[in-house]
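Read the structure below first, then the notes.
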Amino acid sequence: MAKTITFALMDPPYETAATTTAFRIIDSALRKGHKVNVFAYEGAVNLTMAGQSPHPNPVKGTSAEEEEHPNTKDWVSSLLKNHGDRLEWINCGLCVDERGAADTVEGPKRGSPKEFAEWVKASDNTVVIPAK
Amino acid sequence: MATKVLSIVETAYRATLEEQDDTILWLNHMLKNNGLDVTLLLRSNAVNEAVKGQDASGLKFGDVPLKHAPALDGDIADLIEKGVPVYYVKEDLEERGIPEGRLIDGLKSVSRKELPGMLDGFELVWHW
Amino acid sequence: MAKYLVVETRDPFDSNDVDDVYDLATGLADDSNDVTVFLVQNGVLPVRKKSAAAKRVAQLAKKVTVLTDDFSLRERGIEVDEVVDGVRASDIDTLVDLIAEDGRKVIWH
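Residue numbers (the numbering used here), protein chains in the order written: chain A, 1 to 132; chain B, 133 to 260; chain W, 261 to 369.
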């Protein structure tokens with residue numbers, strides 16, 4: 001049976017394994033038909049910044065095109081594109097302001113702990129994936 | 133001018149999604165390429181990054197795959213190939229139950245007791 | 261009886277706090293709760309039979325269900341036959357199933 005699951009993410013892109021695990025869980029939950037809410041707090045608001053871009057790798061001597069390496073915004077965009085009817089993503093507005101992260105890919109909304117609390121009340125479960 | 137660097141790597145498996153894979157190994161490779169005399173010391177959980185046969189393939193979120201999965205054992209082998217001496221702390225390997233036979237070739241071991249003497253041979257010591 | 265899912269992402273070599281979380285999971289089980297500990301990320305590092313923490317993990321597995329994330333094992337080059345007895349191989353889909361279970365409280369460490 002489909003459930004509603006809310007996640008709070010805190011880590012910025014790339015810097016910890018928590019982002020990898022969170023993306024794996026969110027992807028799996030959506031594939032299973034669950035409704036997923038993501039409240040991005042602190043550095044996690046940078047996951048969806050539109051200005052992210054791929055780069056070459058001078059150690060390997062490869063170009064950005066050869067690397068074909070997605071940025072976190074690409075993964076979030078793809079999850080939203082494929083499951084937009086069941087995935088909602090809110091970036092904490094104050095965290096966004098502090099980090100200059102207002103320019104996001106299409107889909108994420110600006111919000112506050114108020115929306116997070118509303119989600120928690122309406123969800124079957126809420127998982128906090130904290131920064132360490 | 134100080135150029136003889138010991139880079140002690142402690143953190144492990146943080147940056148699976150980043151293009152550089154392990155950004156500290158990558159940065160040290162770049163520093164070597166740019167003229168620093170770098171030696172690498174793997175300690176704590178980073179000793180596991182020298183285990184042969186790591187496989188981080190298969191990640192895909194939505195319909196976007198991570199096409200080039202990290203291969204940290206290969207990255208360390210590349211550093212050795214480039215002339216970077218790579219050490220690991222023997223006791224840290226033992227604590228984690230990793231047999232030496234599971235490691236890639238070309239590594240050197242150092243015991244915790246030997247570390248103070250080892251550090252003495254470098255102008256700069258960075259703990260990542 | 262309550263249901264708990266403890267997601268352990270850290271390892272006892274890097275964090276002394278892990279031992280306290282293992283104790284918390286054991287304590288919850290002693291209080292007749294249904295407890296699963298899911299080891300993921302560096303949380304899988306102590307599961308090698310020859311690791312200094314193997315006995316501790318085996319003790320935990322006698323009290324609660326201990327699952328390991330297949331990707332985390334593979335990423336670290338840990339073979340299934342290296343894993344301490346009592347710890348079961350699992351995957352991210354199973355973790356999601358546990359999160360989606362009615363009334364399962366999730367503690368992420």
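We put the beta carbon where it would ideally sit given N, CA and C, even for glycine.
Here the structure is a predicted model, which is why all the values come from computation and not from measurement.
By the Cβ test, the stretch 266-276 of chain W is in contact with the stretch 293-312 of chain W, since at least three Cβ pairs between them sit closer than 8 Å.
Residue contact check for D353 of chain W against chain A: a CB pair falls below 8 Å. Rounded to whole angstroms, Q52 of chain A and E335 of chain W show a C-alpha spacing of 26 Å.
Counting every other CB atom within 10 Å of its CB across the protein chains shown gives L47 of chain A a total of 16 or more, marking it as buried. Beta-bridge analysis with DSSP links Y220 of chain B to B:L174, B:S241. Across the set B:R244, B:L251, B:T171, the C-alpha of B:T171 shows the shortest separation from the C-alpha of V216 of chain B.
Taking a contact to require three or more Cβ pairs closer than 8 Å, the stretch 145-153 of chain B and the stretch 190-209 of chain B qualify as touching. Partner residues in the beta bridge of G111 of chain A, as assigned by DSSP, are A:C92. Under the 8 Å criterion on CB atoms, V127 of chain A is classed as non-interfacial with respect to chain B. Minimum Cα-Cα distance from A131 of chain A among the listed residues A:L80, A:A22, A:N37, A:V59 corresponds to A:A22. CA-CA distance, T296 of chain W to G287 of chain W, rounds to 12 Å.
Nearest to S332 of chain W by C-alpha distance, out of B:D207, B:G190, B:G194, is B:G190. Rounded to whole angstroms, the separation of the alpha carbons of K184 of chain B and R234 of chain B is 6 Å.
When only Cα atoms are considered, L327 of chain W and V317 of chain W end up about 11 Å apart. Distance between F254 of chain B and V96 of chain A, taken at the CA atoms: about 42 Å. Here H55 of chain A is exposed. Its C-beta has fewer than 16 other C-beta atoms within 10 Å. Ranked by Cα distance from T19 of chain A, the first of A:N71, A:P58, A:E67, A:L30 is A:N71. Nearest CB-CB separation between H34 of chain A and chain W: below the 8 Å threshold.
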